[in-house]
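Asker: Let me give you the structure first, and then I'll get to my questions.
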Amino acid sequence: MGPEATAEVVAVGLAGFDVGEPDWWPAPLGAPGWSQVLAHDGAVPVAMGALHVSGPVAWVGAASTVPGHRRRGAQAGLLAPRFQLAAQCGAEQVVSKVDPGGGSERNLRRAGFTPAYEVVQWRRR
1 MGPEATAEVV AVGLAGFDVG EPDWWPAPLG APGWSQVLAH DGAVPVAMGA LHVSGPVAWV
61 GAASTVPGHR RRGAQAGLLA PRFQLAAQCG AEQVVSKVDP GGGSERNLRR AGFTPAYEVV
121 QWRRR
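Each residue of the sequence shown is one higher than the last, beginning at 1 in the working numbering.
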């Protein structure tokens, strides 16, 4: 991924996650095992998703879509390219982590995924 595409991934990620500019965000870009894919509306990047491959296991996540382009299928469309890339990198299994009941869970279920387990997270207020 060249510098222009990296900048697009960062811009789409920050716009979609609406978290400001955390120090960690660009860290995986270009790191070994990491890949990112972009969806465009014409020439404008509107969604991104990450892939990390480690041996036979690949992880898909860090999916982000800019607010004006949500619920139009961009994230569902970014799954297949990541699955193909995972297979090309030698992955035999693809995993992910999602919030229950959200769009990411629906997209993964439509792609043939089934939950392996659920985790309850606690926090003190």
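The C-beta atom is built at its ideal place from N, Cα and C for all residues, glycine as well.
With distances taken from CA atoms, which of G73, V95, A31 is nearest L38?
Answerer: Here residue 38 is taken as the residue at index 38 of the sequence shown, counted from 1. When only C-alpha atoms are compared, the closest one is G73.
Asker: Are the beta-carbon atoms belonging to V66 and A86 less than 9 Å from one another?
Answerer: Your numbering for residue 66 matches position 66 in the sequence shown. Your numbering for residue 86 matches position 86 in the sequence shown. No, these two residues do not count as a Cβ contact at 9 Å.
Asker: If I'm right that A63 touches R110 with Cβ under 8 Å, what's the distance once you round it to whole angstroms?
Answerer: Residue 63 sits at position 63 when you count from the first residue of the sequence shown. Residue 110 sits at position 110 when you count from the first residue of the sequence shown. The pair is not a contact, with the Cβ atoms about 14 Å apart (cut-off 8 Å).
Asker: Here's the rule I'm using: 16 or more other beta-carbon atoms within 10 Å means buried, otherwise exposed. How should H40 be labelled?
Answerer: For the purposes of this step, residue 40 is identified with residue 40 of the sequence shown, where counting begins at 1. Under this definition H40 is an exposed residue.
Asker: Assuming the contact rule is C-beta atoms closer than 8 Å, A50 and P32 should be a hit. Round their C-beta distance to whole Å, please.
Answerer: Locating residue 50 in the sequence shown gives position 50, where the first residue counts as 1. Locating residue 32 in the sequence shown gives position 32, where the first residue counts as 1. Not a contact, Cβ separation roughly 14 Å.
Asker: Going by DSSP, what residue range makes up the beta strand (DSSP E) through R49?
Answerer: As a first step, residue 49 must be located in the sequence shown, where it is residue number 49. Just to set this straight, residue 49 is Gly in the shown sequence, not Arg. 44-54 is the span of the beta strand (DSSP E), which, as asked, contains G49.
Asker: Taking 9 Å as the threshold (C-beta atoms), are V44 and G90 in contact?
Answerer: Residue 90 sits at position 90 when you count from the first residue of the sequence shown. Residue 44 sits at position 44 when you count from the first residue of the sequence shown. Against a cut-off of 9 Å, the Cβ pair of V44 and G90 comes out as no contact.
Asker: Tell me the residue span of the alpha helix (DSSP H) that contains L85.
Answerer: One-based indexing of the sequence shown puts residue 85 at position 85. Its alpha helix (DSSP H) spans residues 74-88.
Asker: Report the option in P56, Y117, E118, S104 whose CA atom is closest to the CA atom of M48.
Answerer: As a first step, residue 48 must be located in the sequence shown, where it is residue number 48. Considering only alpha carbons, the answer is S104.
Asker: Hey, quick one: how far does the beta strand (DSSP E) through S64 stretch, first residue to last?
Answerer: Position 64 of the sequence shown, counted from the start, is the residue given in the question as residue 64. Its beta strand (DSSP E) spans residues 57-65.
Asker: Could you give the DSSP three-state label for S96: helix, strand or coil?
Answerer: In the sequence shown, the residue the question calls residue 96 occupies position 96. Coil at S96, not helix or strand.
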